[in-house]
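Visitor:
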Ligand SMILES: [Zn+2]
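Numbering (our numbering), first residue to last: 175 to 342.
1) Could you name the residues, in chain order, whose CB is less than 5 Å away from a heavy atom belonging to ligand 1?
2) Which residue comes first and which comes last in the beta strand (DSSP E) that contains residue 264?
3) Where in the stretch 180-247 do unbroken runs of the alpha helix (DSSP H), each at least 4 residues long, occur, reported from the N-terminal end onward?
4) For residue 253, tell me which candidate among 202, 323, 330, 311 has the shortest Cα-Cα distance.
5) Count the other CB atoms within 10 Å of the CB of residue 333; is the residue buried (16 or more) or exposed (fewer)?
6) With DSSP as the reference, label residue 250 as helix, strand or coil.
7) Can you give the Cα-Cα distance for residue 299 and residue 289, rounded to whole angstroms?
8) If contact is defined by three or more beta carbon pairs under 8 Å, each pair taking one atom from either stretch, is the stretch 208-220 in contact with the stretch 232-243?
9) Can you tell which of 285, 196, 330 has the C-alpha that lies nearest to the C-alpha of residue 270?
Laid out in structure tokens, this is it:
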């Protein structure tokens, strides 16, 4: 079984706090800087011992949690609060997804390999991830509607993956 990648927003400020570092494997701040969370990716290969990054209720096993920091106070597409994701930050998210997919040996990114927390909740309505709204909007891309965010992220991430594969 291969790992999958689940994208989140932290619902916090534009920079990670200690709680964020506990819950995700990788975090990206508003300036596009990448942070390593406190748990290793492999700690989520088996969650039975309780020492893992808890980022996706009902779906933590074999899941790499990548979060963009921000979106505290998000209410709706027209009221997104004051911690809106930046363009450099979302670009770094796409690139990070690609690097992880590359490391895991994937050449094609689909929604079994890379999905948002929101998509996971929709696919698994009987988990505590049901109803999660991250990631339903990408502020730098206001025209991308909620139901299209996952595909948009996968397409952008695939572009970066193709660049990595071309260098192989
Ligand atoms: Zn989430």
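No residue lacks a Cβ here, since even glycine has one placed at the ideal position from N, Cα and C.
Guide: In terms of the structure at hand:
1) 182, 291, 308
2) Against the chain shown, residue 264 aligns to sequence position 90. Per DSSP, residue 264 belongs to no beta strand (DSSP E); it is in the alpha helix (DSSP H), 261-277.
3) 192-197
4) Indexing the chain shown from 1 puts residue 253 at position 79. Of the candidates 202, 323, 330, 311, the one whose C-alpha sits nearest the C-alpha of residue 253 is 311.
5) Residue numbering aside, residue 333 sits at position 159 when the chain shown is read from its first letter. Under this definition residue 333 is an exposed residue.
6) Taking the first residue of the chain shown as position 1, residue 250 is located at position 76. Looking at residue 250 - three-state DSSP - the assignment turns out to be strand.
7) The residue labelled residue 299 in the question sits at position 125 within the chain shown. The residue labelled residue 289 in the question sits at position 115 within the chain shown. Rounded to whole angstroms, residue 299 to residue 289 spans 15 Å at the Cα level.
8) yes
9) The residue given as residue 270 occupies position 96 in the chain shown. For residue 270, the nearest C-alpha among the options comes from 330.
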